[in-house]
Amino acid sequence: MREGFEVRKVFEHLDRLAYEIGPRRTGSKGGERAVEYLSSRLREWGLRVVRQEFKFVSQEERLGALLLLGLPSLLLSFLFSPFFSLLLWSPVLLLALRPELLPGRRACNLLAEVGGKGERRVLLAHWDSAPCSSLPRLHDFLILSRPLTLLLPTLLLLLRFPFPSLWPLGGILALLLFSLPLSLSLLSLSGASPGANDNASGVALLLEVARVCSQLNPRPPLLVVFTGAEEEGLWGSKALASGGFLREGDRILNVDTVGVGRPYVVTGGGLVRRRRTPSWLNREVKECLEKEGLRPGEWWTVFSFHDHLPLLHRGFPATTLTADVRPRRGLLLRLGPREAGRRGWRYLHTEEDLPERLDLSTLERVGRALLRFVGAGEPEG
Numbered sequence: 027m028r029e030g031f032e033v034r035k036v037f038e039h040l041d042r043l044a045y046e047i048g049p050r051r052t053g054s055k056g057g058e059r060a061v062e063y064l065s066s067r068l069r070e071w072g073l074r075v076v077r078q079e080f081k082f083v084s085q086e087e088r089l090g091a092l093l094l095l096g097l098p099s100l101l102l103s104f105l106f107s108p109f110f111s112l113l114l115w116s117p118v119l120l121l122a123l124r125p126e127l128l129p130g131r132r133a134c135n136l137l138a139e140v141g142g143k144g145e146r147r148v149l150l151a152h153w154d155s156a157p158c159s160s161l162p163r164l165h166d167f168l169i170l171s172r173p174l175t176l177l178l179p180t181l182l183l184l185l186r187f188p189f190p191s192l193w194p195l196g197g198i199l200a201l202l203l204f205s206l207p208l209s210l211s212l213l214s215l216s217g218a219s220p221g222a223n224d225n226a227s228g229v230a231l232l233l234e235v236a237r238v239c240s241q242l243n244p245r246p247p248l249l250v251v252f253t254g255a256e257e258e259g260l261w262g263s264k265a266l267a268s269g270g271f272l273r274e275g276d277r278i279l280n281v282d283t284v285g286v287g288r289p290y291v292v293t294g295g296g297l298v299r300r301r302r303t304p305s306w307l308n309r310e311v312k313e314c315l316e317k318e319g320l321r322p323g324e325w326w327t328v329f330s331f332h333d334h335l336p337l338l339h340r341g342f343p344a345t346t347l348t349a350d351v352r353p354r355r356g357l358l359l360r361l362g363p364r365e366a367g368r369r370g371w372r373y374l375h376t377e378e379d380l381p382e383r384l385d386l387s388t389l390e391r392v393g394r395a396l397l398r399f400v401g402a403g404e405p406e407g
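Numbering-wise, the sequence shown is residues 27 to 407 according to the working numbering.
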């Protein structure tokens with residue numbers, strides 16, 4: 027029963043992850059310590075833990091590889107024919123579309139089956155924290171415009187066939203359009219966030235939900251998943267989607283950055299390529315939140331990428347629960363869906379994302395709503 031839920035234990039997990047362990051970037055010592063901590067807690071409650079390993083490539087490694095290949099390719103275009111220049115450019119496009127072709131490092135997801143019969147619920151939370159961005163607004167813009175940094179130089183290389191005189195000025199323009207945004211993106215990444223809200227808040231809540239459910243008889247049908255390398259490009263969720271651990275009929279809720287502010291259910295994402303989450307699943311999540319006295323909103327994310335996306339692409343019903351103090355709509359976002367917005371919580375992906383900035387009441391009510399979602403029983407009296 028939900029009386030077993032203790033928000034004090036949630037904050038103990040938060041302090042351990044954000045303060046004692048600190049930054050938890052995938053591939054770092056902090057990340058390894060976080061995985062060990064999660065495994066030990068789950069086993070302590072008698073749950074069998076499965077470690078799913080996968081390869082990932084970090085943000086810096088991807089940006090560095092693109093620059094390393096792209097700059098020589100564009101420089102050599104001043105010396106070679108249009109056809110050979112385009113041929114030299116093609117590996118850059120290939121790596122941009124298929125970053126898994128790059129040499130990578132190992133990371134893991136942790137999965138714990140609570141048990142029980144019936145329609146299974148799956149709760150996700152990514153355990154890794156993000157690199158800090160020294161220019162967060164510029165970083166958001168560069169992420170949104172990244173496809174153009176590849177498409178525009180490609181277009182200039184193609185226009186060189188009917189307009190040979192386009193070079194060398196076209197080549198200089200292509201160099202600037204390609205190198206400046208990617209270089210700024212790479213240079214804006216420095217250090218790592220302790221990630222109290224993003225996403226020790228989600229991890230701590232899932233640990234407490236797992237502890238409570240492990241003590242119930244009968245146990246609700248629940249799979250708890252802690253994904254890795256979310257901040258590097260949703261690598262853990264992609265591995266989970268193709269790993270055979272999920273089954274048809276699972277209802278999947280990703281819990282990400284829920285420590286302060288109003289809760290929101292992500293209804294979809296993107297401006298050009300739009301992907302909606304299941305409305306029936308969103309309604310179910312919102313009803314659970316409302317029963318705990320919360321007023322959930324709907325959010326169409328543009329700059330944020332969450333772990334439900336690879337699962338949706340694979341046909342699994344999945345959505346994300348998040349929270350924020352005041353999502354903002356700029357001029358560009360007003361052209362998108364009505365609920366589109368960017369995060370208003372200014373400490374995201376900074377060294378100031380610490381436990382003392384989170385709200386105890388929000389964590390407790392969201393945690394109890396999660397127990398409702400997984401079917402952990404109604405409170406007594």
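Yeah, the Cβ is synthetic: ideal placement off N, Cα and C, and Gly gets one too. Source: prediction; values computed, not measured.
- When secondary structure is reduced to three states using DSSP, L272 falls in the coil class, being assigned neither helix nor strand.
- Residue environment: K264 is assigned as buried (16 or more neighbouring CB atoms within 10 Å of its CB, all protein chains considered).
- By the CB criterion at 8 Å, T283 and T345 fall outside the cutoff.
- Fewer than three pairs of CB atoms, one per stretch, sit closer than 8 Å, so the stretch 129-147 makes no contact with the stretch 315-323.
- For T388, the enclosing alpha helix (DSSP H) stretches over residues 386-399.
- Counting along the chain, the unbroken beta strand (DSSP E) around L149 starts and ends at 147-152.
- Here the stretch 97-112 does not lie against the stretch 219-237, with fewer than 3 beta-carbon pairs under 8 Å apart.
- N243: not part of any alpha helix (DSSP H); DSSP gives it neither H nor E.
- If you draw a straight line from the Cα of E139 to the Cα of L242, it comes to about 14 Å.
- Between the alpha carbons of V75 and D276 lies a distance of about 19 Å.
- Under DSSP, the beta-bridge partners assigned to F80 are A133.
- Unbroken beta strand (DSSP E) runs of no fewer than 3 residues, entirely contained in the stretch 200-266, are found at 215-218, 248-253, following chain order.
- By the C-beta density criterion, F82 is buried, having at least 16 other C-beta atoms within 10 angstroms.
- Separation of S103 and H39 (C-alpha to C-alpha, rounded to the nearest whole angstrom) is 54 Å.
- With contacts defined as CB atoms closer than 8 Å, H375 and A156 qualify as a contacting pair.
- If you ignore the 5 residues before and after R391, its C-beta comes within less than 7 Å of the C-beta of E318, G319, L320, all in its own chain and listed in chain order.
- When DSSP reads this structure, P289 sits in a beta bridge with A349.
- Under the DSSP assignment, W325 falls in the beta strand (DSSP E) whose first and last residues are 323-327.
- Burial state of W306 is exposed, judged by a 10 Å Cβ sphere holding fewer than 16 other Cβ atoms.
- No Cβ-Cβ contact shorter than 8 Å links L337 with T253.
- Per the coordinates, the alpha-carbon of L177 lies some 13 Å from the alpha-carbon of L202.
- Cα atoms of R124 and P173: separation of roughly 14 Å, rounded to the nearest angstrom.
- In the structure shown, G196 adopts helical secondary structure according to DSSP, grouped into three states.
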